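Taking my numbering, the leading residue of the sequence shown gets 5, the next gets one more, and so forth.
Every residue, glycine too, gets a C-beta built ideally from N, C-alpha and C.
Since this is a predicted model, take the numbers as computed values, not measurements.
First the structure, in the form of structure tokens, and then the observations on it.
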Amino acid sequence: MRLHWHRTDLRPSDNLALVSPDDSEEPRSSGSRPPAGDDPILPVYVFDPKILDHAAPPRVAFVLDSLAALREWYRDRESDLLVVRGEAPAELARLADDYGVDTVSWAQAYSGLGRRRDDRVADHLNEMGVETRIVHDHLLHEPGSITTNAGEPYSVYSYFWKKWKDREKRGSVPGPGADRLADPPHDTPIPTLDDLGFDRPEAEIPPGGYMEARHRLNDFCSDDIYRYEDARDDPAANATSRLSPHLTHGTVGIRTVHDRVVRARETAPNDATREAVETFRGELAWREFYHHVLYFNPEVVTENYRDYENPIEWRDDPEALQAWKDGETGYPIVDAGMRQLRAEAYMHNRVRMIVASFLTKDLLIDWREGYDWFRRNLVDHNPANDNGGWQWAASTGTDAQPYFRIFNPMTQGERHDPDAEYIREYVPELRGVDADLIHDWHDLSPTQRRRTAPDYPAPIVEHSERREQALAMFERARGED
Ligand code: FAD
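Shown next, in the form of structure tokens:
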């Protein structure tokens, strides 16, 4: 019997660790023998309090929804998903003992925390004579497989992309047949948020589950992908894939996504739409790039990737931080983004870049504060992409925005939301207001502001002053003062 430990692979098909994983790339197995291909598979999900310590209501809600869908898939095949609560090493060891399990399989983790935990689990199981099989599944190209000619991991995305885009990719794999699945041992209920000690999220969480992911992928690839080049930076168009929670929690396999995207490229009506598909593939490569960065530099979750001569003197400003979290900064595009996050546990990519730049370069607050807020509020949070995005915006990351290129939040709003449609959707105080006045909010007099939108705040900082202070802060950090 093989126990398969589902974690961020909440799907039955295109799951390399779930189906016989003998031919995966470079398996990091503590046992030597791959699991016998014919062993019945017993799937399990473990709610481990130590893992839950790092979780947040939006993600847990999405996981619960996805588990229900996954369980249905198993039940339709006369099997079942075991759902247990307790520390993973002890729970997996107990199940191995109870059900005569020889091997436990799971998909590779990429963060330092995840890998240390997995090592502990593997050691514990190996000591009992149970083999473990850790399989690369989450990325098209695993860390270490795309490197510079000297064998080093890339720290510049454009070079990474050049190798990534033409490298042959594995296609998706089918799920296990019903004959491979173990009989259901006993019914184990899926806990509720309340059972797990989480509050119901304030935000409306998108539906989870592998079927939902499949629909979203197909919808996007039959239509919006062809306008991705033009519409991806327009938050009001809502024309990106919204696949991020599915890719984070593994309700869709990356090979399935890539296969479908390649099919869209093959059927693209012209060069421009083919180019749009390629731009989308570039985003999938960013995801892989940041996972590689995290894998080789696990400390980036708390430390700057890029060393400056001196520590950056971030400001301690709890009031400004709270205004940013509440979407009350008086910069309409920033506030719209922060309120979208509260309402949907999601934020459009362009706006994530704007709000992250605003926190670090206008409020001069440490990116770690922003990362922590995103970690607690995003349904798609994963340390690789989230950290990559924050360190890019803060000019501390691998391929970061140069410190002297600072977004102007008013011009960003005007350029990417010219009709203020996105802003008005999330900032009701500005609903009746002309787009021109919204984009000029910063320059209006207090009387004009009172007359235009009495309930919307004045800007809490002056961008041009803060820009100078940010430049000085980075120059001091660079030792140029
Ligand atoms: P699409 O544009 O449809 O892109 C498809 C997929 O490509 C995404 O689902 C994602 O997996 C990947 N992708 C797209 N853009 C990026 C990018 N810049 N970096 C890495 N991968 C990318 N993404 C997350 O998945 N989780 C996070 O926690 C996260 N935090 C971020 C924080 C900041 C400060 C910034 C600037 C970006 C962050 N991103 C994060 C990247 C990006 O904003 C989201 O992936 C994207 O907005 C998700 O929407 P989508 O699925 O419609 O994206």
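Arg454 and Tyr214 closer than 8 Å at C-beta: no
Those residues which DSSP pairs with Phe51 across a bridge: Arg89
CA-to-CA distance, Thr277 to Asp238, given in whole angstroms: 17 Å
Among Arg409, Ala100, Glu373, the one whose alpha carbon lies nearest that of Pro136: Per the sequence shown, residue 136 should be read as Thr rather than Pro. Comparing Cα-Cα distances from Thr136 to each of Arg409, Ala100, Glu373, the minimum goes to Ala100.
Counterpart residues of Thr151 in DSSP-defined beta bridges: Pro157.
Check: Tyr294 C-beta below 7 Å from any heavy atom of the ligand FAD: yes
Sheet register partners of His8 (DSSP bridge): Paired residue(s): Pro47, Ser109.
Integer Cβ distance of Pro53 from Glu91, believed to fall under 8 Å: 7 Å
Contact set for Pro387: own chain, Cβ-Cβ below 7 Å, skip 5 residues either direction: Ser115, Leu298, Val305
Selection from Arg121, Trp318, Pro189 that minimises the alpha carbon distance to Arg480: Trp318
Three-state secondary structure (DSSP) of Val23: coil
Cβ separation of Leu22 and Val105, assumed to be a contact under 8 Å, to the nearest whole Å: In fact, because the Cβ distance is near 15 Å, the residues do not count as touching under 8 Å.
Coil, strand or helix - Ile442 by DSSP: In this structure, Ile442 counts as helix in the three-state DSSP scheme.
Per-residue burial, Phe408 [other beta carbons within 10 Å of its own, 16 or more giving buried]: exposed
Gly393 CB to nearest heavy atom of the ligand FAD below 7 Å: Gly393 Cβ: within cutoff of the ligand FAD.
Classification of Asn19 by the beta-carbon crowding that lies within 10 angstroms, buried from 16 upward: buried
Residues of its chain near Phe300, where Cβ-Cβ distance is below 6 Å and the 5 sequence neighbours each way are ignored: Pro157
Check: Leu251 C-beta below 7 Å from any heavy atom of the ligand FAD: yes
Met357 Cβ short of 7 Å to the ligand FAD heavy atom set: The nearest non-hydrogen atom of the ligand FAD is less than 7 Å from the C-beta of Met357.
6 Å CB neighbourhood of Val160 in its chain, flanking five on each side removed: Asp403
Leu14 beta carbon near the ligand FAD (any heavy atom closer than 7 Å): no
One or two residues paired with Leu185 in a DSSP bridge: Ile45
Inter-residue Cα distance where the pair is Arg79 and Gly341: 40 Å
Proximity below 8 Å, CB of Arg310 to CB of Gly401: yes
The stretch 442-460 touching the stretch 377-393, judged by at least three CB pairs closer than 8 Å: no
Contact belief for Ala97 with Leu129 at Cβ below 8 Å, rounded distance in angstroms: 6 Å
Beta-carbon contacts of Trp371 that lie in its chain and below 6 Å, excluding the five residues immediately before and after: Thr364, Trp394, Ala398
For Thr151, the nearest candidate out of Phe164, Phe478, Leu143, Val48 (CA to CA): Residue Phe164 is the option with its Cα nearest to Thr151.
Closest by C-alpha distance to Gly175, when choosing among Ala324, Phe51, Arg471, Thr260: Thr260
Buried or exposed by the 16-neighbour rule on C-beta atoms within 10 Å, applied to Ala154: Ala154 is exposed by the Cβ-count criterion.
Residues of its chain near Asp228, where Cβ-Cβ distance is below 8 Å and the 5 sequence neighbours each way are ignored: Ala235, Ala243, Thr244, Ser245
6 Å CB neighbourhood of Ala327 in its chain, flanking five on each side removed: Only Thr333, Ile464 meet the Cβ criterion.
CB of Asp62 within 8 Å of CB of Leu382, strictly: A small correction: the amino acid at residue 62 is Pro; Asp does not occupy that position in the sequence shown. Yes, the Cβ-Cβ distance between Pro62 and Leu382 is below 8 Å.
N-terminal and C-terminal residue of the beta strand (DSSP E) that Glu172 is part of: Careful: Glu172 lies outside any beta strand (DSSP E) and carries neither H nor E.
His295 beta carbon less than 8 Å from that of Pro147: A contact, by the Cβ cut-off of 8 Å.
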